[in-house]
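What follows is a short report on a single structure.
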Amino acid sequence: MAAQILVGTRKGTFIVEKSDGRWRPRLAGHAGAGSNFVARDPYTGRLWALLGHGHWGAKLSCSDDGGATWADAAAQIKYPEGAKYIAQDMYEDEASEYGVGWRISTKPATLAKLWVIGFGPGGRIFVGTIPGGLFESRDGGASFELNRPLWSHESRGGDLFGATEAKSETKWFGTPASEGGDFAAGIHSIAVDPRDPDRVLVAVSTAGVIETRDGGQTWHPRNKGMLLDHTPEPDAEWGHDTHFIEQCRDQPEHIWQQNHVGVYYSSDGAETWRKVSRPEQGVHFGFPVTVDPTNGRRAWLVPGRSDQERMALEGGLFVARTDDGGETWQQLRNGLPQEAAFDVVYRHALHNADGVLAFGSTTGNLYVSEDGGDSFITVSNNLPPIYSVRVG
Amino acid sequence: MPPTVSVRLTPHLHRFFPNLEGRDLRVQGATVAEVLAAIEALAPGFGFYICDERGRLRTHVNIFVGKQMVRDRRALSDAVAENDTVSILQALSGG
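Next up, the structure:
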């Protein structure tokens, strides 16, 4: 099958296909609904869309006919009875000399957002949510269950099922990406090792990278080498603002991370990370990263202009590519707007597969390259704000 | 025998549950929660559009019994009477 580009937007799901030599987007479903992430299960061919309906809540939607028709998944993601998490909220407090207080409380969990989906062999499907849930299916999506060891991890205060009070504080902090206003943690990256689906890496805003090697029974932080250089404790184990991680399909030991504080690369399966930012070349801040499926040293980013402004760098939009594990970077600008460009590219909105590199921005622009980024064409300037782009 | 009520749905919900469109939706139930359960039996998945997984009415959804907005948003225990009309619609929240 020719490559398709699956695009999740604020106003529905789009599929982009090439016909008569031109990439053409079409609305494939969910018109008017937020489509946070759309992806194809490479093991079954089924399409999955993670929706946020606003009034009607978050829903999983599937298509078995390539996006011609969609239906709500038979099993929806729901937190089990008794699932609680530690929340940290500011509140008005007239008694305080500052007028506000900081309240730590345990909150019952209800689904705020479906954020990412990942696939493994043998019917394994994982869904990352806000607040901070990893839901797993081992039957191709016929049923989903919250992964309790990760939900009750010591870094989050331990097992809160049935407990009235947390045993310790949480090291997981919130993300503004939550829908509905809660500042809760979220799981936005899932990398299932294609050689062994019991090995799964997830990344959390805001906590960092966590791995299981035993099918989700135990989870361990994988943040060695990460540096929190904007905080009083730079070498803290937790509190990392990983924006996205992606694992190389054919060389799974090679993993890339775009973090709030820079670009990181691991060539040892996330055991250790190495900072490969080159701020003088504009490679530092951003949200997405994608790695070549066959060459773990080759990756692309769309750098943004500092965490304070979060838009294209002055002087135009560019993609940065490395072919040598981050030793050197090239700025790729051919075909991209070089003046008055204010594109912001979200963490899920850059991807490559099958020789196609594509990315989309919150300003509704979709760009595609078929030569590894040496040149881009503009597919559309008029899509809704783009949340996710997946090729395949 | 629980009372029988008429249910009026916002057309927005017909998009997700087309089998509920254009029919005289009359179901039995003593409370709003029971009315929703009766609709769930006709249209599986309906309840999760109206309530979250803990059974609470979603923040931006409203239910009226006659002209009265439900009071118990947590468990929807508000009673309904024979021939009441239960209206389910999205709150006009936002611009």
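Line order of the protein sequences matches chains C and V.
Residue numbering for the first sequence follows this note's numbering, starting at 148 and increasing by one per position.
Residue numbering for the second sequence follows this note's numbering, starting at 976 and increasing by one per position.
Even glycine gets a Cβ: it sits at the ideal position worked out from N, Cα and C.
Of the residues the options, the one placed nearest residue i, counting alpha carbons only
{"i": "S290 (chain C)", "options": "C:L530, C:I224 and C:A178", "result": "C:I224"}
{"i": "G213 (chain C)", "options": "C:A205, C:R173, C:G179 and C:G246", "result": "C:R173"}
{"i": "Q1043 (chain V)", "options": "V:R1049, V:V1055 and V:L1017", "result": "V:V1055"}
{"i": "R396 (chain C)", "options": "C:R444, C:A234, C:P341 and C:Y493", "result": "C:P341"}
{"i": "W249 (chain C)", "options": "C:A230, C:T317, C:Q235 and C:E380", "result": "C:Q235"}
{"i": "S508 (chain C)", "options": "C:I524, C:A500, C:D521 and C:N528", "result": "C:N528"}
{"i": "E418 (chain C)", "options": "C:G265, C:Q477 and C:E384", "result": "C:E384"}
{"i": "G288 (chain C)", "options": "C:E244, C:A220, C:I357 and C:G280", "result": "C:A220"}
{"i": "G201 (chain C)", "options": "C:Q151, C:S325 and C:M237", "result": "C:S325"}
{"i": "L1067 (chain V)", "options": "V:V1061, V:R998 and V:N1037", "result": "V:N1037"}
{"i": "V526 (chain C)", "options": "C:L513, C:G168 and C:V339", "result": "C:L513"}
{"i": "A467 (chain C)", "options": "C:D521, C:D490 and C:G416", "result": "C:D521"}
{"i": "L198 (chain C)", "options": "C:K254, C:P255, C:A259 and C:A215", "result": "C:A259"}
{"i": "S299 (chain C)", "options": "C:A331, C:A230 and C:E283", "result": "C:A230"}
{"i": "V357 (chain C)", "options": "C:I272, C:G179, C:F282 and C:I337", "result": "Residue 357 (chain C) is actually Ile in this sequence, not Val. Here the closest residue by C-alpha is C:I337."}
{"i": "T188 (chain C)", "options": "C:I251, C:Y245 and C:G267", "result": "With the sequence shown as reference, residue 188 (chain C) is identified as Asp, and Thr is not the correct amino acid for it. For the residues C:I251, C:Y245 and C:G267, the minimum Cα distance to D188 (chain C) belongs to C:G267."}
{"i": "T378 (chain C)", "options": "C:P368, C:K206, C:H407 and C:Q364", "result": "C:H407"}
{"i": "I233 (chain C)", "options": "C:V503, C:F184, C:L483 and C:D329", "result": "C:D329"}
{"i": "D490 (chain C)", "options": "C:D471, C:G472, C:S516 and C:Y534", "result": "C:Y534"}
{"i": "S424 (chain C)", "options": "C:R444, C:D240, C:G443 and C:P450", "result": "C:P450"}
{"i": "Q364 (chain C)", "options": "C:K422, C:E283, C:D376 and C:S352", "result": "C:E283"}
{"i": "G238 (chain C)", "options": "C:S252, C:P227 and C:Y226", "result": "First, the amino acid is wrong: residue 238 (chain C) is Tyr here, not Gly. The option with the nearest alpha carbon to Y238 (chain C) is C:S252."}
For residue i, the three-state DSSP class (helix, strand or coil)
{"i": "I1063 (chain V)", "result": "strand"}
{"i": "N406 (chain C)", "result": "strand"}
{"i": "I224 (chain C)", "result": "coil"}
{"i": "L1032 (chain V)", "result": "strand"}
{"i": "P531 (chain C)", "result": "coil"}
{"i": "N994 (chain V)", "result": "helix"}
{"i": "Y190 (chain C)", "result": "coil"}
{"i": "H335 (chain C)", "result": "strand"}
{"i": "H202 (chain C)", "result": "helix"}
{"i": "G1022 (chain V)", "result": "helix"}
{"i": "S302 (chain C)", "result": "helix"}
{"i": "H431 (chain C)", "result": "coil"}
{"i": "A1017 (chain V)", "result": "Residue 1017 (chain V) is actually Leu in this sequence, not Ala. In the structure shown, L1017 (chain V) sits in a helix (DSSP, three-state: H, G or I)."}
{"i": "E292 (chain C)", "result": "strand"}
{"i": "P986 (chain V)", "result": "helix"}
{"i": "A234 (chain C)", "result": "strand"}
{"i": "E244 (chain C)", "result": "coil"}
{"i": "V492 (chain C)", "result": "coil"}
{"i": "A1008 (chain V)", "result": "helix"}
{"i": "P426 (chain C)", "result": "helix"}
{"i": "L297 (chain C)", "result": "helix"}
{"i": "S508 (chain C)", "result": "coil"}
Interface residues of chain V facing residue i [CB-CB closer than 7 Å]
{"i": "Y226 (chain C)", "result": "E1028"}
{"i": "D219 (chain C)", "result": "G1020"}
Chain C residues whose Cβ lies nearer than 8 Å to that of residue i
{"i": "R1033 (chain V)", "result": "H202, W203 and G204"}
{"i": "V1036 (chain V)", "result": "H202 and W203"}
Closer than 8 Å at the beta carbon, the chain V residues around residue i
{"i": "L258 (chain C)", "result": "D1027 and E1028"}
{"i": "Q394 (chain C)", "result": "What Q394 (chain C) touches in chain V: nothing, since even the nearest Cβ is about 31 Å away."}
{"i": "Q223 (chain C)", "result": "G1020 and F1023"}
Presumed contact (8 Å Cβ cut-off) between residue i and residue j, rounded CB distance
{"i": "V492 (chain C)", "j": "P532 (chain C)", "result": "Not a contact, Cβ separation roughly 11 Å."}
{"i": "T389 (chain C)", "j": "A350 (chain C)", "result": "4 Å"}
{"i": "N481 (chain C)", "j": "F523 (chain C)", "result": "7 Å"}
{"i": "D1027 (chain V)", "j": "G204 (chain C)", "result": "7 Å"}
{"i": "G355 (chain C)", "j": "M373 (chain C)", "result": "7 Å"}
{"i": "P399 (chain C)", "j": "G416 (chain C)", "result": "7 Å"}
{"i": "G1030 (chain V)", "j": "A1050 (chain V)", "result": "6 Å"}
{"i": "L984 (chain V)", "j": "Y1024 (chain V)", "result": "So it is not a contact: roughly 10 Å between Cβ atoms."}
6 Å CB neighbourhood of residue i in its chain, flanking five on each side removed
{"i": "R303 (chain C)", "result": "T317 and W319"}
{"i": "A1005 (chain V)", "result": "P977"}
{"i": "A331 (chain C)", "result": "I277, P278, G321 and S325"}
{"i": "E380 (chain C)", "result": "none"}
Same chain, Cβ closer than 7 Å to residue i, neighbours up to 5 away in sequence not counted
{"i": "H498 (chain C)", "result": "T437, A505, V536, R537 and V538"}
{"i": "V1040 (chain V)", "result": "V1007, D1053, V1055, D1059 and V1061"}
{"i": "T475 (chain C)", "result": "T469"}
{"i": "I392 (chain C)", "result": "S336, A338, L348, A350, V356, I402, W403 and Q404"}
{"i": "P440 (chain C)", "result": "C395, R396, D397 and A500"}
Cβ neighbours of residue i in the same chain (closer than 8 Å, five flanking residues each side left out)
{"i": "K165 (chain C)", "result": "A149, A150 and R171"}
{"i": "R1001 (chain V)", "result": "T979, V980, S981 and V982"}
{"i": "S315 (chain C)", "result": "E301, G304 and G305"}
{"i": "N994 (chain V)", "result": "L1017 and A1018"}
Residue i: contacting residues in chain V (beta-carbon distance under 9 Å)
{"i": "L255 (chain C)", "result": "The sequence as given places Pro at residue 255 (chain C); Leu does not occur at that position. Those within 9 Å of P255 (chain C) in chain V are R1029."}
Contact set between residue i and chain C, taken where Cβ atoms lie within less than 7 Å
{"i": "Q1065 (chain V)", "result": "H202"}
Listed from N- to C-terminal order along the chain, which residues in the segment 1000-1026 of chain V have their beta-carbon within a distance smaller than 7 Å of any beta-carbon of chain D?
Among the protein chains in the structure shown, which are C and V, there is no chain D.
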